[in-house]
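Shown next, in structure tokens, is the structure this report addresses.
Protein chains in written order, with this note's numbering: chain A, 99 to 428; chain B, 4 to 299.
Right under this line is the structure:
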């Protein structure tokens, strides 16, 4: 075995993957989490069957699974309807034009109700927009605050005051300001989308800003001195030294802000009736059919799974960007 | 008298910590010729690093000043490269890129891309680190990291090379190797060097002059010792050389007889080091620490 001690990294990775295919490797790894999930489902089933609400029994795992399939089926039915609608419209217009080439042809958009899956995508796009908007401000500002004590002192009181404010308190103000200032003929974004995105941005701002500031301010003094001795220009200093050094803290901020952003978005959508998963939940609640609770439970689980996946995504990105491959990230 | 290459004149510095003034240095005068190797030695906290940082431009002297080739030093710059004690390599850059960061900055306008590449490789060869060019600093040993730190500074072609306890964090064997490397590089390139050290042997072996500093506050230069040992120097031959032993003795005398730290402090530090040695039985330790309190 000693003569094969030196192996290429790719070989090592392949060996690891091959080892993972053996059941002895992955069974113990998955056993405990699976056990946890099974216990949870049993507990859920047990307690759900004992809760009676005005909308019927609290949905257990089976009902939720049924509703999940229903919601999927509804989506595809709706899509079929939409396709049929456009086909009809096209056909009608073609007939009109063949009868009279000068005829005024009307093109109408399909106005069907957005399905659960549509709402998921709306929410994802909104949270992404708010997140990106916030971090385009938070990271540069955080770097400035970390580099200069003066800038930090100037911004710190404002940060400390606005940080604890729930973005939902901003929501009415954002709504009014957007409707007052954003009035173009053919809007690129819908107002509701802007409202939600800006509200999300208002809460995504702070974790990234504060963590970036701390990350930049706590760079090893010797490294800063090395940069001074080399007389690096401020831009090169930021690019080559400040940003790589602060990457771990910046990502901590990004992950925190994405998680809170996702939570706040659902609440904002519920409150302001902006399209998205929050509106779906609220509509189902108002609807009050016997299936509503099951459908809301599906939304709850989906929101959770998406939140988890968003964090995993950031973690993967962090692992890719981070220079310290030994660091334990979780 | 002609103007010296590096001229430290009447330098003093006062730090302001929480409204309290602390005078660290007072009236430090030192003149260096081109190609001279000078060591600063003294007890910890005596302001050796402060002198170095003032020459580097990282600190501003409260009074007096530093002139390099007749020009006053006001800012840090690559003509006064510093090797820090803890290598201070960027952990996210490879060995090559660490040196390249400095080379690209200094020779951006004067050397072509290919020339810079050659220059980086050449400097890594000088410190015998060309084999680890693509490694990250975290993947090489402490001694190797410090070699790269030295290569990075050499690559800037500084007028003065400032070494702040460069080998302090290394084990004795690695330190000896690096001292030999530094000696041969300095002989070959004729750099002007100021080195801070705690190590008396290191100071005598490497230096042309040893500057011995008094204790702070208001530390200054206590004495300057000329080291007239012929070069090249060999540590094994010198170990029994009467001249070497005598010089070493003089430095030790300065540090421990003339300018020892206050007695109480010294006793306390002995008591501290005894406390660390678990082998020493309790009663003796208590005798030492009680004498410490008496002295205080």
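Positions of the beta carbon are idealized from the N, C-alpha and C atoms, including for glycine.
Computed from a predicted model, the values in this text were never measured in an experiment.
Tell me which residue opens and which closes the alpha helix (DSSP H) that residue i is part of.
i	result
residue 264/A	First-last for residue 264/A: undefined, no H or E at that position.
residue 104/B	98 to 110
residue 333/A	332 to 335
residue 171/A	159 to 197
residue 232/A	214 to 245
residue 320/A	319 to 327
residue 201/A	Careful: residue 201/A lies outside any alpha helix (DSSP H) and carries neither H nor E.
residue 3/B	Summary: the structure shown does not reach residue 3/B, with chain B confined to residues 4 through 299, and so no result is reported for it.
residue 289/A	289 to 315
Figure out for me which residue from the options has the closest Cα to the Cα of residue i.
i	options	result
residue 371/A	253/A, 339/A and 270/A	270/A
residue 16/B	53/B, 116/B, 38/B and 37/B	53/B
residue 393/A	169/A, 264/A and 272/A	169/A
residue 214/B	200/B, 221/B and 220/B	200/B
residue 290/A	227/A, 321/A and 244/A	227/A
residue 49/B	220/B, 59/B and 230/B	220/B
residue 402/A	375/A, 420/A and 381/A	375/A
residue 262/A	120/A, 384/A and 305/A	305/A
residue 232/B	62/B, 246/B and 222/B	246/B
residue 176/B	188/B, 189/B, 205/B and 187/B	205/B
residue 276/A	268/A, 292/A and 266/A	292/A
residue 319/A	91/B, 18/B and 84/B	91/B
residue 57/B	243/B, 36/B, 75/B and 44/B	75/B
residue 124/B	93/B, 14/B, 157/B and 171/B	157/B
residue 233/A	278/A, 303/A and 256/A	303/A
residue 235/B	110/B, 144/B, 191/B and 127/B	191/B
residue 51/B	116/B, 167/B and 83/B	167/B
residue 301/A	346/A, 362/A, 137/A and 408/A	362/A
residue 59/B	85/B, 35/B and 43/B	85/B
Given that a residue counts as buried once 16 or more other Cβ atoms are within 10 Å of its Cβ, and exposed if not, what is residue i?
i	result
residue 119/B	buried
residue 115/A	exposed
residue 155/B	buried
residue 229/A	buried
residue 21/B	exposed
residue 237/B	exposed
residue 112/A	exposed
residue 118/A	exposed
residue 243/A	buried
residue 333/A	exposed
residue 159/B	buried
residue 83/B	buried
residue 157/A	buried
residue 274/A	exposed
residue 252/B	exposed
Is residue i near residue j, with beta carbons less than 9 Å apart?
i	j	result
residue 101/B	residue 224/B	no
residue 203/B	residue 165/B	no
residue 329/A	residue 81/B	yes
residue 165/A	residue 312/A	no
residue 79/B	residue 326/A	yes
residue 147/B	residue 40/B	no
residue 146/A	residue 224/A	no
residue 373/A	residue 220/A	yes
residue 77/B	residue 63/B	yes
residue 153/A	residue 359/A	no
residue 8/B	residue 217/B	no
residue 429/A	residue 236/A	Nothing can be reported for residue 429/A, as the shown portion of chain A is limited to 99 through 428.
residue 180/B	residue 209/B	no
residue 151/B	residue 98/B	yes
residue 172/B	residue 149/B	yes
residue 70/B	residue 19/B	no
For the beta strand (DSSP E) that residue i lies in, which residues bound it at each end?
i	result
residue 42/B	40 to 44
residue 30/B	23 to 35
residue 212/B	212 to 216
residue 195/B	195 to 200
residue 414/A	Where residue 414/A is concerned, there is no enclosing beta strand (DSSP E), although the alpha helix (DSSP H) it sits in stretches over 390 to 419.
residue 71/B	66 to 71
residue 225/B	224 to 229
residue 83/B	83 to 86
residue 167/B	163 to 167
residue 17/B	9 to 20
Who are the neighbours of residue i on chain E, taking C-beta pairs under 8 Å?
i	result
residue 94/B	Absent here is chain E; the protein component of the structure consists of chains A and B.
Let me check you understand the geometry: is the CB of residue i closer than 8 Å to at least one non-hydrogen atom of the ligand GDP?
i	result
residue 60/B	The ligand GDP is not among the ligands present in this structure, which contains no ligands whatsoever.
Say whether the region 342 to 356 of chain A touches the region 298 to 315 of chain A, bearing in mind that this needs 3 or more beta-carbon pairs closer than 8 Å, one atom from each stretch.
-> yes
Determine contact between the region 333 to 340 of chain A and the region 204 to 224 of chain A, defined as no fewer than three beta-carbon pairs at a distance below 8 Å.
-> no
Are the region 173 to 181 of chain A and the region 404 to 415 of chain A touching, with three or more C-beta to C-beta distances below 8 Å?
-> no
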